[in-house]
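Novice: Okay, here's the structure, questions in a sec.
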Amino acid sequence: MLISKLFRKAPIVSLKGQPVLLFTQEHGSLLQALEFKKVKVFSECRNGFCGACKTRLNSGSVSYLTPPLAELEADECLPCCCIPQTDIDLELSPKGAEVVVRTRLNKKEVAV
């Protein structure tokens with residue numbers, strides 16, 4: 001049981017079903033991680049307006065670094081002050097985000 005706490009899988013953050021990033025503690029908050037990947041998230045958090053970054057959480061769960069000041073529905077989160085606890089899917093567009101695209105290599109390209 002102790003080992004599972006030490007080696008917890010990093011949560012995958014998806015946008016409308018498209019995996020975008022593997023969240024690690026180095027990101028700080030979910031908002032910082034999304035901004036790093038060039039995801040368009042409207043936020044006024046740094047200007048003192050809480051609630052502007054409110055985002056629909058399609059699946060998964062988050063925990064808060066600080067208690068949210070804005071009122072939230074059960075399926076919403078504030079990326080500025082939360083981190084994913086499980087794989088999550090957000091109702092944000094992946095358009096323009098830096099995503100990793102898998103490409104298949106044929107055997108000739110893989111052989112060394």
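Numbering (this note's numbering), first residue to last: 1 to 112.
Quick reminder that beta carbons are idealized off the backbone N, C-alpha and C, glycines included.
Which same chain residues, not among the five before or five after A33, have their C-beta less than 7 Å away from its C-beta?
Specialist: V13, L21, F23 and H27
Novice: Say whether chain B places a C-beta atom closer than 7 Å to the C-beta of P67.
Specialist: Given the protein chain composition of this structure (a single chain), no chain B is represented.
Novice: How long is the line joining the alpha carbons of Y64 and K95, rounded to whole angstroms?
Specialist: Approximately 27 Å, taken between the alpha carbons.
Novice: On a Cα-Cα basis, can you pick out the residue from P68, A74, E73 and L92 that is closest to C82?
Specialist: P68
Novice: Going by C-alpha distance, which of E76, K16, R56 and E71 is nearest C50?
Specialist: E71
Novice: Let's test the definition: count the other Cβ atoms within 10 Å of the Cβ of S29 and tell me whether it reaches 16, buried, or not, exposed.
Specialist: By the 10 Å Cβ count, S29 comes out buried.
Novice: Quick check on the DSSP output: the beta strand (DSSP E) that includes L30 runs from which residue to which?
Specialist: Element bounds for L30: not the beta strand (DSSP E) but the alpha helix (DSSP H), L30 to F36.
Novice: Using the C-alpha atoms, what's the distance from A74 back to A111?
Specialist: Unreliable positioning characterises A111 in this predicted model, as indicated by a pLDDT of 40, which lies under 50. The coordinate reading is nonetheless provided below. Using only the alpha carbons, I get a separation of about 50 Å.
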